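If you read the sequence shown in the numbering used here, its first letter stands for residue 6, the second for the next number, and so on.
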Amino acid sequence: MTASPMETDAPSVSAEEIKTAANQEYKNGNYAEAVKLYSEAIAASPSTTTYYANRAAALMMMAKYKEAAEDCRTATQLDPSNIKANVRAGKCHLNLGNLEESSRQYEIALQQDGSNAQAQREYNNVCHVKTYLGQAEVYMTNQQWALARNSVDRAVAMVDGANLPLKWTVLLAECALGQKNYSEASRLVNQLIRINTQNPDALYLRARVFYAQADNAKTVNHCMEALRCDPDFVKARTLLRKARSLEAEKEKGNTAFKTNNLQEAYDAYTNALAIDDQNDTMNSKLYSNRAAVLQKLKRFSDALTDCNKAIELDPDFTKVYSRRAACYMELEEFEEAVRDYRRLTESDGGNREYHNLLRKAELELKKSQRKDYYKILGLSKDASDSEIKKAYRKLALQYHPDKNAGDEKAEARFKEIGEAYAILSDPQKKARFDSGVDLEGGMGGGGFDAGGVDINDVFMQMFGGGMGGGMGGGRFPGGGGFSSGGGFPGGGGGFPGGGRGFPGGAGGARHPGGYSFHFG
């Protein structure tokens, strides 16, 4: 702020000398000393307008706008024609946020001197500020927080930014809350609290900051403090009820989860989510908690949906990424699991558990990229030996090349089924396949080393003479299968197409696939 030119007229010689000294201190930037000397001059000559107007100028340089406005009021009462006092009063009230009074003071000055450039310029500034704040109010109503903040900032640019009117600081805090900039909102609210610890609006704003950060206990405390200052503060009472309801339902869910009452926990978290759909941070935690319930219920797809909702509401909520990765693992979406675990190791490099989980997910991803022998047999990974044998028996008969003559796909499927059974029926090979030990050793994707197994041997071990009741003479189950001549069911001693075993030869001929079958 630039120093305003000083008035020089004064009736009292002693007071005039004091005023001259005060003017010099003002020019030297010693505003506190100038105020002290102007006060002495006023004491010597209390009816001299100039002393009040000059002291107002010094007080304005010290950002003491309220006291300066009072001196301007006194000056204009003593001399209504003192335009400088009106102009200074207009600036004081602008900085105090009293826009209507600021406009009135400039209008008085312009009525006396319509050509006063300073009065006209500053009056226009007040009009602009009114427009900006009016726009901000509309934007805030529509929750267009970025636009609202821009309008408030344009108003702030026209006043002393280091000493904003309290109501403008409140507006900035509201915008910061709307933009989810909680650190900025907290900084602004703390400024208000330092000025007046019993300001109910400031206490309510601080409660809203805590509420937005999912700290319901502190929200309740500050709402109660605001209500002690103003028992009729409706907004504080509404927020108080909401915070208490949220905390009660959340704790109900937590307690039920700990005691394994999963449906009760699910219902409590769902009820909490219905209380306030605008509280992103709290709802992110609630979705994460409900996802934990769904994980225990083995509803992994639903749990994944809740994890995604939690991350959408709060992308910085680290814990939920771990929970989502666990869901991806259960759903065998290993690439996504690796992505989430890698993010966790990057954000918390010292967490050994995250590194271990990442290695496990990377191994499962490699395992998923090779042949899945369980899937080939239509089995889950916890299938028993008897289930493996039963599945192979069924599929081997279904896709046997002599039941699918000329079908290359069936032939390939038959070979794949035999390869899968060769691995899963051998305890050692099965254990190595399940653990992925060969992958850890550096194998890439693709198949598992079946150890040179002859698919014919696998088939004969299952269907050759030692299969159990009803299989005598190498027959298929149900009788009429392989006769002593190596026949297939319904064929007089041979496979379809003739009295020979396989196409192109007797019972011991090789099949076009390169694997031989010898029937007894």
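No residue lacks a Cβ here, since even glycine has one placed at the ideal position from N, Cα and C. Owing to the predicted nature of the structure, the values given are computational and were not obtained by experimental measurement.
Supposed contact pair residue j and residue i - C-beta distance, whole angstroms, cut 8 Å
i, j, result
"Leu527", "Asn266", "This structure cannot speak to residue 527, because the chain is shown only from 6 to 525."
"Leu400", "Ile422", "5 Å"
"Ala61", "Tyr31", "Actually they are not in contact, since the Cβ atoms of Ala61 and Tyr31 sit about 11 Å apart, beyond 8 Å."
"Leu232", "Ala222", "Rounded, the Cβ-Cβ distance is 16 Å, inconsistent with contact."
"Leu244", "Glu230", "Rounded, the Cβ-Cβ distance is 12 Å, inconsistent with contact."
"Tyr57", "Thr79", "5 Å"
"Val131", "Ser108", "5 Å"
"Leu336", "Ile393", "Actually they do not touch by this definition, with Cβ atoms about 23 Å apart."
"Ala141", "Val164", "Not a contact, Cβ separation roughly 14 Å."
"Ala217", "Cys228", "At roughly 14 Å, the Cβ-Cβ gap does not stay under 8 Å, so Ala217 and Cys228 are not in contact."
"Val298", "Tyr271", "5 Å"
"Arg192", "Val225", "At roughly 23 Å, the Cβ-Cβ gap does not stay under 8 Å, so Arg192 and Val225 are not in contact."
"Lys69", "Leu101", "Going by Cβ atoms, the distance from Lys69 to Leu101 rounds to 11 Å, so no, they are not a contact pair."
"Ala273", "Lys263", "With a Cβ gap of about 12 Å, Ala273 and Lys263 do not count as contacting."
"Ala178", "Ala167", "Not confirmed; about 17 Å, so no contact."
For residue j and residue i, the rounded distance between their alpha carbons
i, j, result
"Tyr397", "Ser389", "12 Å"
"Leu152", "Val161", "14 Å"
"Val134", "Ala261", "55 Å"
"Phe553", "Leu370", "No answer is possible for residue 553: it lies beyond the span of the chain, which begins at 6 and ends at 525."
"Gln283", "Met334", "31 Å"
"Arg246", "Thr55", "57 Å"
"Cys180", "Asn147", "12 Å"
"Asp188", "Phe215", "Checking the sequence, you will find Ser at residue 188 rather than Asp. Roughly 11 Å separates the two Cα atoms."
"Gln110", "Asn87", "11 Å"
"Glu21", "Leu169", "35 Å"
"Ala415", "Ile381", "13 Å"
"Thr53", "Val194", "42 Å"
"Thr323", "Gln125", "56 Å"
"Glu338", "Ala308", "14 Å"
"Gly411", "Asp377", "26 Å"
"Thr275", "Arg159", "43 Å"
"Ser19", "Ala49", "8 Å"
"Met65", "Cys97", "7 Å"
"Gln538", "Lys172", "Residue coverage of the chain in this structure runs from 6 to 525, which leaves residue 538 outside it and unanswerable."
"Phe419", "Leu368", "28 Å"
"Gln116", "Lys185", "47 Å"
"Gly498", "Pro432", "Interpretation of Gly498 is limited by its pLDDT of 39, a score under 50 that renders its predicted location unreliable; the figure taken from the coordinates is listed afterwards. Approximately 37 Å between the Cα atoms of the pair."
"Asn201", "Gly34", "30 Å"
Own chain partners of residue i with C-beta closer than 6 Å, once the 5 adjacent residues on each side are dropped
i, result
"Met67", "Tyr36"
"Ile23", "Leu42, Glu45 and Ala46"
"Gly510", "In this prediction, Gly510 has a pLDDT of 38, which is less than 50 and means its spatial position is unreliable; nothing more can be read from the coordinates."
"Pro205", "Ala231, Cys234, Asp235 and Phe238"
"Leu318", "Asp285, Asn288 and Ser289"
"Ala330", "Ala342, Asp345 and Tyr346"
"Lys434", "Ile428"
"Ala94", "Ala74, Cys77 and Gln110"
"Leu527", "Here the chain has residues from 6 to 525 only, and residue 527 is not among them."
"Ala296", "Ala308, Asp311, Cys312 and Arg328"
"Asp321", "none"
Beta-carbon proximity list for residue i, same chain, < 7 Å, skipping 5 on both sides
i, result
"Gln2", "Residue 2 lies beyond the residue range present for the chain, which begins at 6 and ends at 525; the question has no answer from this structure."
"Lys301", "Leu267"
"Leu384", "Glu392, Ile393 and Ala396"
"Leu176", "Ala141 and Val157"
"Ala39", "Ala27, Glu30, Tyr31 and Ala63"
"Glu340", "Leu370"
"Tyr359", "Tyr346, Leu349, Thr350 and Asp353"
"Ala253", "none"
"Lys386", "Tyr379"
"Pro85", "none"
"Glu269", "Ala261"
"Leu104", "Val131, Val134 and Lys135"
"Leu291", "Lys255, Tyr274, Ala277 and Leu278"
"Arg154", "Cys180 and Gln184"
Any non-hydrogen atom of the ligand FMN closer than 6 Å to residue i Cβ
i, result
"Leu208", "Looking at this structure, you won't find the ligand FMN or any other ligand, since it has none at all."
Sequence-distant residues of the same chain with beta carbon closer than 8 Å to residue i, five excluded per side
i, result
"Ile198", "Asn204, Ala207, Leu208 and Arg211"
"Leu99", "Ser107, Glu127, Asn130, Val131, Val134, Met163 and Val164"
"Leu558", "Given a span of 6 to 525 for the chain in the structure shown, any question on residue 558 remains unanswerable."
"Val92", "Gln110, Tyr111, Ala114, Asn121, Gln123, Ala124 and Glu127"
Within-7 Å CB hit, residue i to chain C
i, result
"Leu362", "This model lacks chain C altogether, as it is built from one protein chain only."
Legend entry - Cβ contact check for the region 339–349 and the region 360–377: 3 or more pairs under 8 Å: Taking 8 Å as the limit for Cβ pairs, the verdict is that the region 360–377 does touch the region 339–349.
Legend entry - Secondary structure, alpha helix (DSSP H): runs of 4+ residues fully inside the region 244–300: 267–278, all fully within the region 244–300.
Inset, instruction - Just list the alpha helix (DSSP H) runs in the region 306–380, keeping only unbroken ones of 4 residues or longer that don't cross its boundaries, in chain order. - result: Along the length of the region 306–380, whole alpha helix (DSSP H) runs at least 4 residues long occupy 323–335, 339–352 and 357–373, reported in chain order.
Inset, instruction - Would you mind listing the beta strand (DSSP E) stretches within the region 68–107 that are 3+ residues and don't spill past its ends, in chain order? - result: Counting only unbroken stretches of 3 or more residues, no beta strand (DSSP E) element lies wholly within the region 68–107.
Legend entry - alpha helix (DSSP H) segments (min. 4 residues) lying fully within the region 376–438: Taken in chain order, the whole alpha helix (DSSP H) runs of length 4 or more contained in the region 376–438 are 378–381, 390–404 and 413–429.
Inset, instruction - Within the region 94–173, note down every full alpha helix (DSSP H) run reaching 4 residues or more, in order along the chain. - result: With a minimum length of 4 residues, the continuous alpha helix (DSSP H) runs that stay inside the region 94–173 are 104–117, 122–146 and 150–161.
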